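Residue numbers (my numbering), protein chains in the order written: chain A, 155 to 385; chain B, 2 to 223; chain C, 480 to 729.
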């Protein structure tokens, strides 16, 4: 894997949540236009990996790099390059659909959002409706418009199609295809079938850390000289 | 970055404006808490006059503290904080914007209510100007120090009660110097030194608290 | 398996066996325990029986042999917590986090002892159980800081997060303590002009220095002894957590 110079790459990334090891040895390399699907059972670390790639969580080992440069070197530049859509919709009861878009554009540093993006997810009739009147599916679609509101090279999507109906899921697939056709990259963690033609797949189940590794402590003690780490 | 900073403040103000009476809870609490004192210690005007600066400031402090929970909790729970954190604005400046918005929503209304309550407590007129200045310098400091408590307890189940335990001891200096200034003006001891210290405290809080709060928020976002 | 994990770059120190520390602790524990008992007993004998009574305060002043060292310990332990927190926050060193966490209740106890002895001392001297003296008020605020620290540390389910959150709080508190001290002194002079500080120590007789110093040494040794016990149990608890997590992780 030529992760040294790929546009966006992860090398042997490992994750520990609290004291619980989640996964290790996750590597990939993405070039513009590439897609990546993360699969795996609950608790296998799909969400954690996405959060590491978004920069919320520090990898316990390995590194994530843009063009070979560790993303922690310039976190603000990394922020500008990526969109993250997690489990939460971030929809405020008191703000209208249009106001949400304006705010999301503002926090990304843009004066205003692209006006006609509401059509992409069939929300144009709801522009002046406050968040408290939206259904779960509409909220989901609203938060997905964030991807179009401002440009970002890398989309990090964690179960993006939850609560979407078939038609909306097709719209999301069209968005992803257009994004990648324009040179964007997409990483999608999902249980559902989302068409991402030509995308690599990583099965997180293959990267778990076994109980034996967890008990490294006692195994080491049995082996004589214990491992002190930084003690 | 400027767009993001003011976009954040603008949204918080808009949310507060649409919050109806809910946004005024802080100032209503302030008014009610102050009016309890005459009921508690008796209506004797000399006594009320004597304790007025202290009562006003203690109640302002408690009112500010009660509103701290809202600074980050809602944005954390609905995922907005993740979006804000992934913007070009460093988290330290996010904290500054949130603290400024918090002050505009809670500190400023307190300043408007304070002189009216001072009249109710029969506070001597020499103290009014200094009371306003002390609030202008002191309440932003409370919002900034409070941001640390709010950020440290974000996402915790019992966060609300915990904030008071974390933040109130840190509020002690603001209380002492602010009340010292107002009493200094009333008793003719001079208020300048106290006000200068309050101003220094505000600058120090501006420079230091965003780092602590941002570190706590980073941890909450993990 | 463990070596392979290390190759993958996992910071294994989290699961590292702190055997070296435990061995070291086991070695010094009897010594600090003996020093603690010996010094505290010697200081009490000297302070209560040998040192002459004060001509103004009579025997009541003897409480300073507990009060002053306890106040000193209360401050010193907060400084230790702040330093350990800084070390834990910067280097993510688990032992530093544990030292900070385990020290807090001990420091809070010394603060409480300082407050109680100060208050007991006040009664025979000035006929009141509590005076809002600058020093004792600062101690009260310090107790509140300790309580906040302990509460925050235990509010997190994940001990790692609790350690980091309370580390931030300890550092903010450490920056604030001098300011609080200054403000309380300021407040005290403002409200009690012209009265001498009520807790003015009796003029130091040379014979009083020995029991005071002995008590300080005894308290420090006591702190270390209790700290070692607490660290041991924390390490054991952590190991149990790891075993439990391994069970769940199957």
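Where is the CB? At the ideal position from N, CA and C, for every residue including glycine. Keep in mind the model is a prediction, meaning the values are calculated, not measured.
Beta-carbon separation (whole angstroms), residue i vs residue j, contact threshold 8 Å
| i | j | result |
| --- | --- | --- |
| residue 522 of chain C | residue 693 of chain C | 4 Å |
| residue 626 of chain C | residue 166 of chain B | 6 Å |
| residue 395 of chain A | residue 182 of chain A | Examination of residue 395 of chain A is not possible in this model, given that chain A is present from 155 through 385 alone. |
| residue 262 of chain A | residue 304 of chain A | 4 Å |
| residue 94 of chain B | residue 6 of chain B | 6 Å |
| residue 252 of chain A | residue 282 of chain A | 6 Å |
| residue 312 of chain A | residue 240 of chain A | 5 Å |
| residue 154 of chain B | residue 164 of chain B | 5 Å |
| residue 159 of chain A | residue 216 of chain A | Not confirmed; about 17 Å, so no contact. |
| residue 10 of chain B | residue 102 of chain B | 5 Å |
| residue 596 of chain C | residue 549 of chain C | 6 Å |
| residue 707 of chain C | residue 568 of chain C | That pair is no contact at about 23 Å. |
| residue 92 of chain B | residue 215 of chain B | 4 Å |
| residue 302 of chain A | residue 341 of chain A | The Cβ separation is near 17 Å, so there is no contact. |
| residue 4 of chain B | residue 260 of chain A | 5 Å |
| residue 125 of chain B | residue 50 of chain B | 6 Å |
| residue 197 of chain A | residue 247 of chain A | The pair is not a contact, with the Cβ atoms about 32 Å apart (cut-off 8 Å). |
| residue 176 of chain B | residue 42 of chain B | Actually they do not touch by this definition, with Cβ atoms about 19 Å apart. |
| residue 572 of chain C | residue 566 of chain C | 6 Å |
| residue 645 of chain C | residue 632 of chain C | 4 Å |
Under the three-state DSSP convention, the category residue i falls into
| i | result |
| --- | --- |
| residue 668 of chain C | helix |
| residue 241 of chain A | coil |
| residue 610 of chain C | coil |
| residue 206 of chain A | helix |
| residue 709 of chain C | helix |
| residue 306 of chain A | coil |
| residue 311 of chain A | strand |
| residue 224 of chain A | strand |
| residue 623 of chain C | helix |
| residue 170 of chain A | strand |
| residue 328 of chain A | helix |
| residue 167 of chain B | helix |
| residue 184 of chain A | strand |
| residue 74 of chain B | helix |
| residue 162 of chain A | strand |
| residue 124 of chain B | coil |
| residue 638 of chain C | helix |
| residue 196 of chain A | coil |
| residue 68 of chain B | coil |
| residue 188 of chain B | coil |
Burial state of residue i (16 or more Cβ within 10 Å)
| i | result |
| --- | --- |
| residue 506 of chain C | exposed |
| residue 54 of chain B | buried |
| residue 357 of chain A | exposed |
| residue 202 of chain B | buried |
| residue 638 of chain C | buried |
| residue 675 of chain C | Below a pLDDT of 50, predicted positions are generally treated as unreliable, and residue 675 of chain C, at 40, falls in that range; the measurement from the model is reported next regardless. Classification of residue 675 of chain C: exposed, given that the 10 Å Cβ count is below 16. |
| residue 198 of chain B | buried |
| residue 292 of chain A | buried |
| residue 580 of chain C | buried |
| residue 158 of chain B | exposed |
| residue 37 of chain B | exposed |
| residue 643 of chain C | buried |
| residue 249 of chain B | Outside the shown range of chain B (2 to 223) lies residue 249 of chain B, about which nothing can therefore be said. |
| residue 360 of chain A | exposed |
| residue 46 of chain B | exposed |
| residue 204 of chain B | exposed |
| residue 345 of chain A | exposed |
| residue 83 of chain B | buried |
| residue 258 of chain A | buried |
| residue 611 of chain C | exposed |
| residue 27 of chain B | buried |
Contact test: residue i Cβ vs the ligand NAP heavy atom, cutoff 7 Å
| i | result |
| --- | --- |
| residue 42 of chain B | With respect to the ligand NAP, the structure offers nothing, as it holds no ligand at all. |
Residues that DSSP places opposite residue i in a beta bridge
| i | result |
| --- | --- |
| residue 284 of chain A | A:250 |
| residue 189 of chain A | A:340 |
| residue 537 of chain C | C:533 |
| residue 355 of chain A | A:191 |
| residue 215 of chain A | A:168 |
| residue 175 of chain A | A:170 |
| residue 236 of chain A | A:308 |
(message) Extract the residue ranges of the alpha helix (DSSP H) inside the segment 78 to 106 of chain B, only unbroken runs of 4 or more that lie entirely within it.
(response) 81 to 86 and 92 to 103
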